[in-house]
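A short worksheet on the structure shown next.
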Amino acid sequence: MTKHVLTGGLIAGLVAGLFAVLLQLTFVVPLLLEGELYESGDRVHFGTGGPESIAGAPAIDGEMMRHAGTLAMSLVSWIGFALLLVVGFALAARAGHSVDARKGAIWGLAGFIAVALAPAMGLAPELPGTIAAELGARQIWWSATVVLTAGGLAAFAFGKGPVAVFAGAVAIALPHIVGAPTLDTYFGVSPPELSAHFAARVLAVSAAIWVFLGAVAGWLWARPAPT
Amino acid sequence: MTTRTQTAPMQTAGHAVPKGRDLAGLAFAAILGLGLIFVAGFSHSQTIHDVAHDQRHSMAFPCH
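Heads up: the sequence lines are chains E and S, in that order.
Taking full-length UniProt numbering, I'd label the letters of the first sequence as residues 1 to 227.
Taking full-length UniProt numbering, I'd label the letters of the second sequence as residues 1 to 64.
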């Protein structure tokens, strides 16, 4: 069983990590590099006396070592998420719930909601150059939100009766009632269109990767374990 | 060999339902997964931060 979990998590994580880098280098990193032009001051919004600045991302092929680092860290984190997802499959199996590719995709969607969508409600995806509240406090709020949202979704999916539904709803709502750590000042130097586009793309790409991961992990999970 | 015949009816989707002794293995896998996510997403080490920078922003991990 442990071997099945570890192998499934490793393979699904590797495949999802490669898919993630493909999508992120295509859709997210160009906007990130464009944001860095404003972070460094090479471009200045409202800098010409009018409220406009040039749009357009720099070429992405200039820093291959940097993208290699992105690839490596993407594999590391998606293997991590894949392992947790497959541990979830195993715990569900203990409770008598089977998982296949289709159900795995639903699990992946839940992963997207817990790990990307819910934290983004308080801490929106940040372009480089964004100044935000103290890092440690944000990391704690982010982690607590992920755990509470995952727990709440699990209560919806597997809990019995109205009490489980109520407890799940409270868990999901709680971090947003408490509120994420924020500053009382805006410091943004990037055009709002660029920041908004970046945030939307991070979430959309994240949704695609999570569903893909869930489907691959579920498909692997449903295959017979080698004996 | 008797184990095989006994576990076969308990199989779900092609493999055995985990029993008590599997919980330790699941805990190991979960801790390994959390460790990897911590390194990629949360470590304050400057070197790891620099390598992971674009990936952290792309994943909407809190960065900087």
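The C-beta atom is built at its ideal place from N, Cα and C for all residues, glycine as well.
Three-state class that DSSP yields for E/I60 in the structure shown | In the first sequence, counting from the first residue as 1, residue 60 of chain E sits at position 60. Correct three-state label for E/I60: coil.
For E/A123, does the three-state DSSP call read helix, strand or coil?
-> As a first step, residue 123 of chain E must be located in the first sequence, where it is residue number 123. In the sequence as displayed, the identity of residue 123 of chain E is Leu instead of Ala. In the structure shown, E/L123 sits in coil (DSSP, three-state: anything other than H, G, I, E or B).
May I ask which residues mark the beginning and end of the alpha helix (DSSP H) holding E/D184?
-> As a working note, residue 184 of chain E is residue 184 in the first sequence. Per DSSP, E/D184 belongs to no alpha helix (DSSP H) and is neither H nor E.
Pair within 9 Å by beta-carbon distance, E/A12 and E/L153 | One-based indexing of the first sequence puts residue 12 of chain E at position 12. One-based indexing of the first sequence puts residue 153 of chain E at position 153. No; because the gap between Cβ atoms is not below 9 Å, this pair is not in contact.
Relative to the alpha-carbon of E/A57, which residue among E/V99, E/S98, E/H197, E/L18 has its alpha-carbon at the smallest distance?
-> Here residue 57 of chain E refers to the residue found at position 57 of the first sequence. Taking only the C-alpha atoms, the option nearest E/A57 is E/H197.
Where does E/V165 sit, in a helix, a strand or coil, going by DSSP?
-> Translated into the one-based positions of the first sequence, residue 165 of chain E becomes position 165. Here E/V165 sits in helix by DSSP.
Closest by C-alpha distance to E/L10, when choosing among S/L36, S/A24, S/D50, S/R21 | As a first step, residue 10 of chain E is located in the first sequence; it is residue number 10 there, counting from the start. Checked all of S/L36, S/A24, S/D50, S/R21; the closest Cα to E/L10 is S/L36.
Pull up the CB-CB distance for E/S53 and E/A20, whole angstroms please, since I reckon it's below 8 Å.
-> Translated into positions along the first sequence, residue 53 of chain E becomes position 53. Translated into positions along the first sequence, residue 20 of chain E becomes position 20. About 30 Å separates the two Cβ atoms, so there is no contact after all.
Within 9 Å (strictly less), CB to CB, does E/L91 reach chain S?
-> Here residue 91 of chain E corresponds to residue number 91 of the first sequence, with the count starting at 1. With 9 Å as the cut-off, E/L91 counts as an interface residue toward chain S.
E/G49, DSSP secondary structure in three states | To locate residue 49 of chain E, count along the first sequence from 1; it is residue 49. Note: E/G49 maps to coil in three-state DSSP.
Anything in chain E within Cβ reach of S/Q46, meaning under 7 Å, just list it in chain order.
-> Numbered from its first residue, the second sequence carries residue 46 of chain S at position 46. Ordered by position in chain E, no residue passes the 7 Å Cβ test against S/Q46, which lies about 13 Å from the chain.
When E/I172, E/G96, E/V163 are compared against E/G122, the one with the closest alpha-carbon = As a first step, residue 122 of chain E must be located in the first sequence, where it is residue number 122. For E/G122, the nearest C-alpha among the options comes from E/I172.
For S/L57, is the classification buried or exposed, using 16 other Cβ atoms within 10 angstroms of its Cβ as the cut-off for buried?
-> Working through the second sequence from its first residue, we reach residue 57 of chain S at position 57. Looking at the sequence provided, one finds His at residue 57 of chain S rather than Leu. Classification for S/H57: buried.
Could you tell me the distance, in whole angstroms, from the CA atom of E/R94 to the CA atom of E/V87?
-> Here residue 94 of chain E refers to the residue found at position 94 of the first sequence. Here residue 87 of chain E refers to the residue found at position 87 of the first sequence. Using only the alpha carbons, I get a separation of about 11 Å.
Would you kindly work out how many angstroms separate the C-alpha atoms of E/L135 and E/E36, rounded to a whole number?
-> Start at 1 with the first residue of the first sequence, and residue 135 of chain E comes out as number 135. Start at 1 with the first residue of the first sequence, and residue 36 of chain E comes out as number 36. Using only the alpha carbons, I get a separation of about 19 Å.
Could you say which of E/S40, E/M64, E/A55, E/L22 lies nearest to S/V51 if we only look at CA atoms?
-> Here the question's residue 51 of chain S lines up with position 51 in the second sequence. Residue E/M64 is the option with its Cα nearest to S/V51.
Whole-Å CB distance - E/R201 paired with E/V29, under 8 Å assumed | Indexing the first sequence from 1 puts residue 201 of chain E at position 201. Indexing the first sequence from 1 puts residue 29 of chain E at position 29. With 8 Å as the limit, E/R201 and E/V29 do not qualify as a contact, their Cβ atoms being about 10 Å apart.
Thinking just about the alpha-carbon of each residue, which of E/A132, E/P191, E/P128, E/W107 is nearest to the one in E/A150?
-> On the first sequence, residue 150 of chain E is found 150 positions in, with the first residue counted as 1. Nearest C-alpha to E/A150: E/W107.
Starting from the beta carbon of E/S206, find every residue of chain S whose beta carbon is closer than 9 Å, and list them in chain order.
-> Start at 1 with the first residue of the first sequence, and residue 206 of chain E comes out as number 206. What E/S206 touches in chain S: S58, M59, A60.
Would you mind telling me which residues of chain S sit closer than 8 Å to E/A120, beta carbon to beta carbon, in chain order?
-> Looking up residue 120 of chain E in the first sequence gives position 120. Per Cβ cutoff of 8 Å: A60.
Sequence-distant residues of the same chain with beta carbon closer than 6 Å to E/L183, five excluded per side = Along the first sequence, read from residue 1 onward, the residue named residue 183 of chain E stands at position 183. Same-chain partners within the cutoff: A133.
Taking 9 Å as the CB-CB cut-off, is E/F81 touching chain S?
-> The count along the first sequence starts at 1 and reaches residue 81 of chain E at position 81. Judged by the 9 Å Cβ criterion, E/F81 is in contact with chain S.
Residues that S/H64 contacts on chain E, provided the C-beta gap is smaller than 7 Å | Residue 64 of chain S sits at position 64 when you count from the first residue of the second sequence. Near S/H64 (Cβ distances below 7 Å), the residues of chain E are L135.
Mind checking which residues open and close the alpha helix (DSSP H) that includes E/A215?
-> Position 215 of the first sequence, counted from the start, is the residue given in the question as residue 215 of chain E. E/A215 -> alpha helix (DSSP H) spans 192-222.
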